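In what follows, a single structure is set out as structure tokens and then discussed.
2 protein chains.
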Amino acid sequence: MKLLLGPGPSNVDRRVYEALSRPLVGHLDPEFLEVMNEIQHLLRYTFRTQNRLAIPLSGTGSAGMEAALVNFVQKGDPVLVGVAGLFGERMCDIVQRCGGRLARVDADWGHPLPLDSMERAIRTHRPRIVAVVHGETSTGVRQPLEELSRVTREQDSLFLVDAVTTLGGVPLEVDRWQIDLCYSGTQKCLSCPPGLSPLTVSDRGAEVLRSRRLPVQSWYLDLTLVQKYWGAERTYHHTAPISMNYALLEALRIVHEETLEARWSRHEENHRALVVGLSALGLEMLVDPEYRLWSLNTVKVPPAVEEERVRQRLLRQHDIEIGGGLGILRGKIWRIGLMGTSCVRENVQRFVEAFAASLQAEGFPCSARDALDQAGQVYKTRDA
Amino acid sequence: MKLLLGPGPSNVDRRVYEALSRPLVGHLDPEFLEVMNEIQHLLRYTFRTQNRLAIPLSGTGSAGMEAALVNFVQKGDPVLVGVAGLFGERMCDIVQRCGGRLARVDADWGHPLPLDSMERAIRTHRPRIVAVVHGETSTGVRQPLEELSRVTREQDSLFLVDAVTTLGGVPLEVDRWQIDLCYSGTQKCLSCPPGLSPLTVSDRGAEVLRSRRLPVQSWYLDLTLVQKYWGAERTYHHTAPISMNYALLEALRIVHEETLEARWSRHEENHRALVVGLSALGLEMLVDPEYRLWSLNTVKVPPAVEEERVRQRLLRQHDIEIGGGLGILRGKIWRIGLMGTSCVRENVQRFVEAFAASLQAEGFPCSARDALDQAGQVYKTRDA
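This is the structure we're talking about:
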């Protein structure tokens with residue numbers, strides 16, 4: 305079995321695979337309605353929210369992004385997007401496709417959004433929506449949200465957060481941080497196969513939805529229709545991906561059993577051990593320590609090393625997947641995911657060892673022994 | 305395990321469940337690219353097409369419907385929809401959401417579209433797209449397509465066909481019938497869990513896509529982007545639902561091993577046996593014999609019988625799911641699916657027996673013995 309340490313999917317627990325292949329029932333069967341209820345309950349737990357609306361959309365994380373925008377942006381609405389990587393760019397694309405009036409604040413890839421520019425833009429444009437990415441999967445930056453949320457709320461804008469790479473692995477507080485629209489994917493820190501997009505909407509968001517003048521341009525992602533299927537009415541909209549929902553339920557149960565707090569600690573600790581190990585190998589992280597995303601670690605490719613060859617060695621000789629850079633970071637970084645089930649000490653050790661061997665084979669001198677020793681110290685601190 | 309004889313999902317072969325829970329690899333892993341290649345190859349076989357573009361979209365059949373419309377309709381384009389049930393209505397809704405100029409021809413629910421009205425409307429409106437549903441899941445009508453295709457082509461319109469309930473169970477000839485846009489779902493006659501939407505586009509369709517003036521309003525379903533991921537470029541668009549694609553591949557292999565022709569015969573034969581059995585129970589079909597959809601059989605609820613109670617008895621006491629009527633047919637019909645893996649002689653017999661018992665329990669006099677005998681004759685004809 306391959307060890308998945310790329311930008312997602314992550315490895316999946318045996319319990320989730322078993323759930324995935326449970327015999328189907330009809331999508332309006334009372335048994336499945338129970339599954340739907342429990343999923344919504346556990347999504348509220350995982351998002352840290354009391355929102356009524358907390359459901360998995362029948363598409364991948366990108367469908368969640370589209371739903372979070374098309375349902376709330378009407379033609380001509382001003383929308384501010386913070387762009388610090390590929391997924392911020394994608395939001396801009398979607399805003400334009402739904403006729404929003406786009407304003408954007410850019411950060412250099414590898415850095416968080418500059419708070420002062422965001423504040424200024426929010427006060428100037430008074431956008432209906434302020435949209436940012438919590439964990440930029442293309443750069444490995446964790447965007448701090450609390451200050452941004454405060455400024456957004458002052459202008460009475462809706463706060464939209466992409467939590468694809470953070471939900472279930474990195475602290476995310478939908479209610480406390482007053483996030484109005486939040487979506488994620490299943491294949492990252494939740495360690496469920498890709499195919500669904502958990503999404504939650506605050507009461508303020510739901511009110512905006514109710515007061516729309518124009519129909520949502522997507523029928524498939526129209527939340528007013530989707531929530532009637534997931535709500536008390538159980539009105540048929542589309543046939544839910546039943547097996548995927550079985551799997552998601554099991555993955556969410558695992559999150560709940562471990563508790564979010566323990567999960568966050570686990571992600572932090574393994575991230576720290578990995579960074580220490582990478583540093584001992586003589587590599588440099590792309591992101592400043594305080595903004596590093598625990599679930600996705602970006603490390604610079606040293607001069608004279610070919611990025612792709614190292615990755616292929618890892619995959620072919622060690623059965624380990626990691627990711628390369630996207631866009632302007634192509635060839636310049638590796639992206640190493642430590643998400644959900646994949647994020648354990650044994651995997652960090654196995655990876656550091658295999659990575660050292662692959663780097664050496666590509667002519668980069670480094671010592672696996674040193675790296676493993678130093679990474680081990682991180683765990684010892686806890687064990688002590 | 306429940307016997308799924310509703311309007312979908314149908315029962316799933318053990319091989320497909322096993323594929324579903326195969327360990328994940330990354331969505332750009334060479335192994336997964338092989339899976340993607342074989343899926344496209346087998347989709348061409350199943351759709352009976354040489355189209356270059358034949359892929360599964362990462363959403364259910366409804367996402368396929370939306371994709372087939374939003375990619376090809378531009379603001380102001382005239383679109384003609386034939387409406388003979390709920391799914392025709394849904395197409396009208398989507399056409400309006402993407403700014404198409406809608407014209408519609410209606411048929412009474414339970415009947416196919418009147419060819420003369422369709423011809424007149426096509427000549428009058430000269431629509432860019434003529435859209436019809438091949439198998440109306442809400443009524444159990446199979447819409448003949450060959451004549452419609454001829455008239456559509458004469459006016460140089462694109463011919464769009466919803467094959468959600470027919471692909472893999474009922475003859476469908478994408479190339480021979482000159483269908484330009486065709487989509488389906490996985491959970492009906494392909495007997496894979498719901499979650500993907502196979503879709504194919506003719507070269508004429510692809511040309512319309514290339515010559516669009518405006519961006520497609522959906523980013524998630526933008527076929528120009530999606531096909532770059534599925535084509536030679538393998539450009540990242542979104543993370544494909546990997547497990548669902550494993551399952552679809554296995555389901556398509558099963559279709560190919562059986563052959564389409566054998567599959568169509570099997571669906572026809574079991575449909576005929578079911579109809580004979582239902583008739584022997586004293587029930588009347590909704591649809592005239594020549595337009596009956598083999599994969600979804602609609603039968604009228606006799607006076608003084610409560611539709612829902614019979615369905616609940618079947619589910620609770622016999623572990624069999626069937627469907628009730630939708631929209632204006634609510635309470636008036638049952639919808640009995642015989643799709644893919646579910647469509648075998650043993651299931652027809654088990655259903656007829658359980659249905660007879662449930663009807664009797666609700667005060668409707670009928671004989672299971674007679675119905676089974678007469679249904680059995682249909683198979684004997686073949687065996688002889």
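In order, the protein sequence lines correspond to chains A and B. When you line the first sequence up against the numbering used here, it's residues 305 to 688, in that order. When you line the second sequence up against the numbering used here, it's residues 305 to 688, in that order. Ideal placement from N, C-alpha and C gives every residue a C-beta, glycine not left out. Remember, it's a predicted structure, so these values are computed and weren't measured experimentally.
Worksheet item: Tell me which same chain residues have a C-beta within less than 7 Å of the C-beta of B:Y550, skipping the five on either side of it?
Response: Walking along the second sequence from the start, residue 550 of chain B turns up at place 246. For B:Y550, where only same-chain residues beyond five positions count, the Cβ hits under 7 Å are A323, L324, R326, V339.
Worksheet entry | Distance, B:I398 Cα to A:L471 Cα | As a first step, residue 471 of chain A must be located in the first sequence, where it is residue number 167. As a first step, residue 398 of chain B must be located in the second sequence, where it is residue number 94. A:L471 and B:I398: Cα-Cα distance of roughly 32 Å.
Worksheet entry | Element boundaries [alpha helix (DSSP H), containing B:D397] | In the second sequence, the residue the question calls residue 397 of chain B occupies position 93. First-last of the alpha helix (DSSP H) with B:D397: 390–401.
Item to complete: Kindly give me the distance between the Cβ atoms of A:L525 and A:A367, rounded to whole angstroms, as I take these residues to be in contact under 8 Å.
Response: Taking the first sequence and counting its residues from 1, one reaches residue 525 of chain A at position 221. Taking the first sequence and counting its residues from 1, one reaches residue 367 of chain A at position 63. That pair is a contact at about 6 Å.
Practice prompt. Could you say if the stretch 592–604 of chain B and the stretch 572–580 of chain B meet the contact criterion of at least three C-beta pairs nearer than 8 Å?
Written response: Yes: at least three Cβ pairs fall under 8 Å.
Item to complete: Report yes or no: do three or more beta-carbon pairs, one from the stretch 419–439 of chain B and one from the stretch 455–469 of chain B, lie closer than 8 Å?
Response: yes
Item to complete: Answer yes or no: do A:E625 and B:D333 have a C-beta to C-beta separation smaller than 9 Å?
Response: Translated into positions along the first sequence, residue 625 of chain A becomes position 321. Translated into positions along the second sequence, residue 333 of chain B becomes position 29. Yes, Cβ-Cβ distance for A:E625 and B:D333 is below 9 Å.
Worksheet entry | Proximal residues of chain B, C-beta to C-beta of A:P498 below 9 Å | What you label residue 498 of chain A is simply residue 194 of the first sequence in a count that begins at 1. Those are L328, H331, S362, H542, T543, A544, P545, I546, S547, M548, listed as they occur along chain B.
Item to complete: Would you list the one or two residues that DSSP bridges to B:T504?
Response: Residue mapping note: residue 504 of chain B aligns to position 200 of the second sequence, counting from 1. Per DSSP, B:A358, B:C486.
Discussion item. Could you tell me which whole alpha helix (DSSP H) segments of length 4 or greater appear in the stretch 387–472 of chain B?
Written reply: 390–401, 419–429, 450–458
Discussion item. Pop quiz: A:V530 and A:L462 are said to be a contact at Cβ under 8 Å. What is the actual Cβ separation, rounded to whole angstroms?
Written reply: Locating residue 530 of chain A in the first sequence gives position 226, counting from the first residue. Locating residue 462 of chain A in the first sequence gives position 158, counting from the first residue. About 18 Å separates the two Cβ atoms, so there is no contact after all.
Practice prompt. Please compile the residues from chain B whose C-beta is within a distance smaller than 8 Å of the C-beta of A:E625.
Written response: Position 321 of the first sequence, counted from the start, is the residue given in the question as residue 625 of chain A. Going along chain B in sequence order, the residues near A:E625 (Cβ under 8 Å) are V329, G330, D333.
Item to complete: Name the residue from A:A608, A:M305, A:G310 whose alpha carbon lies nearest to the alpha carbon of A:T602.
Response: Here residue 602 of chain A corresponds to residue number 298 of the first sequence, with the count starting at 1. Nearest C-alpha to A:T602: A:G310.
Worksheet item: Nearest to B:T543 by alpha carbon, out of B:L390, B:P606, B:L328, B:Q378?
Response: Sequence index remark: in the second sequence, residue 543 of chain B carries index 239 (1-based). Here the closest residue by C-alpha is B:L328.
Discussion item. For a cutoff of 9 Å on Cβ pairs, would you count B:R401 as touching chain A?
Written reply: For the purposes of this step, residue 401 of chain B is taken as residue 97 along the second sequence, with counting starting at 1. By this cut-off, B:R401 is an interface position.
Worksheet entry | Unbroken stretches of the alpha helix (DSSP H), 4 residues or longer, contained in the stretch 584–623 of chain B | 611–622
Practice prompt. Would you kindly work out how many angstroms separate the C-alpha atoms of B:G627 and B:L406, rounded to a whole number?
Written response: What you label residue 627 of chain B is simply residue 323 of the second sequence in a count that begins at 1. What you label residue 406 of chain B is simply residue 102 of the second sequence in a count that begins at 1. Spanning the two alpha carbons is a distance of roughly 31 Å.
Worksheet item: In terms of residues, what are the limits of the beta strand (DSSP E) holding B:R649?
Response: Your numbering for residue 649 of chain B matches position 345 in the second sequence. Per DSSP, B:R649 lies in no beta strand (DSSP E) segment; the continuous alpha helix (DSSP H) that holds it begins and ends at 649–665.
Practice prompt. Starting from the beta carbon of A:E370, find every residue of chain B whose beta carbon is closer than 8 Å, and list them in chain order.
Written response: Counting from 1 along the first sequence, the entry for residue 370 of chain A is found at position 66. Those are S522, W523, Y524, listed as they occur along chain B.
Discussion item. Three or more C-beta pairs under 8 Å: does that hold for the stretch 339–355 of chain A against the stretch 664–684 of chain A?
Written reply: no
Practice prompt. Give the interface partners of A:Q491 over in chain B, defined as CB-CB distance under 7 Å, in chain order.
Written response: Numbered from 1 along the first sequence, position 187 holds the residue referred to as residue 491 of chain A. Going along chain B in sequence order, the residues near A:Q491 (Cβ under 7 Å) are T543.
Item to complete: Identify the continuous alpha helix (DSSP H) that holds B:W534 and give its terminal residues.
Response: Numbered from its first residue, the second sequence carries residue 534 of chain B at position 230. Looking at the DSSP string, the run of the alpha helix (DSSP H) that includes B:W534 is 527–534.
Worksheet item: So, helix, strand or coil for A:L494, using DSSP?
Response: Mapped onto the first sequence, residue 494 of chain A falls at position 190. A:L494 falls in the coil class under three-state DSSP.
Fill in: Sequence-distant residues of the same chain with beta carbon closer than 6 Å to B:D613, five excluded per side
Numbered from 1 along the second sequence, position 309 holds the residue referred to as residue 613 of chain B. For the sequence presented, residue 613 of chain B should be read as Arg rather than Asp. The residues are E666.
Practice prompt. Measuring only between beta-carbons, confirm whether B:V374 sits less than 9 Å from chain A.
Written response: The residue labelled residue 374 of chain B in the question sits at position 70 within the second sequence. Answer yes: the Cβ-Cβ gap between B:V374 and chain A drops below 9 Å somewhere.
Discussion item. Tell me the rounded alpha-carbon separation between A:G392 and A:G386.
Written reply: As a position in the first sequence, residue 392 of chain A is number 88, starting the count at 1. As a position in the first sequence, residue 386 of chain A is number 82, starting the count at 1. Those two C-alpha atoms are separated by around 6 Å.
Worksheet item: Would you call the stretch 438–450 of chain A and the stretch 628–648 of chain A touching, i.e. three or more CB-CB distances under 8 Å?
Response: yes
Item to complete: Could you please give the first and the last residue of the uninterrupted beta strand (DSSP E) stretch that includes B:G641?
Response: The residue given as residue 641 of chain B occupies position 337 in the second sequence. Here the beta strand (DSSP E) through B:G641 covers 637–641.
Worksheet item: Which residue from B:G581, B:R356, B:S671 puts its Cα closest to that of B:D479?
Response: By one-based count along the second sequence, residue 479 of chain B stands at place 175. If we check each option's Cα against that of B:D479, B:R356 comes out closest.
Worksheet item: A:I359: which of A:S646, A:T490, A:D317 sits nearest, CA to CA?
Response: Numbered from 1 along the first sequence, position 55 holds the residue referred to as residue 359 of chain A. In this structure, A:T490 is the residue among A:S646, A:T490, A:D317 with its C-alpha nearest to the C-alpha of A:I359.
Worksheet entry | Pairwise C-alpha distance: B:H541 and A:L642 | The residue you call residue 642 of chain A lines up with position 338 of the first sequence. The residue you call residue 541 of chain B lines up with position 237 of the second sequence. Each residue's Cα considered, the two are about 22 Å apart.
Worksheet item: Would you say A:D677 faces chain B, with C-beta separation under 9 Å as the test?
Response: Here residue 677 of chain A corresponds to residue number 373 of the first sequence, with the count starting at 1. Not an interface residue.
Worksheet item: Excluding five sequence neighbours on each side, which residues of the same chain lie with their C-beta closer than 6 Å to the C-beta of B:I483?
Response: In the second sequence, counting from the first residue as 1, residue 483 of chain B sits at position 179. Closer than 6 Å at Cβ, skipping near neighbours: F463, V465.
Discussion item. Relative to the C-alpha of A:R401, which candidate in A:W413, A:H415, A:G414, A:Q378 has its C-alpha closest?
Written reply: Working through the first sequence from its first residue, we reach residue 401 of chain A at position 97. Closest by alpha carbon: A:Q378.
Fill in: Whole-angstrom distance between A:L564 and A:C493, CA atom to CA atom
Here the question's residue 493 of chain A lines up with position 189 in the first sequence. Here the question's residue 564 of chain A lines up with position 260 in the first sequence. Taking the straight line joining both Cα atoms gives about 11 Å.
Item to complete: Kindly indicate if chain B contains any beta-carbon less than 9 Å away from that of A:G444.
Response: Here residue 444 of chain A is taken as the residue at index 140 of the first sequence, counted from 1. Answer no: the Cβ-Cβ gap between A:G444 and chain B never drops below 9 Å.
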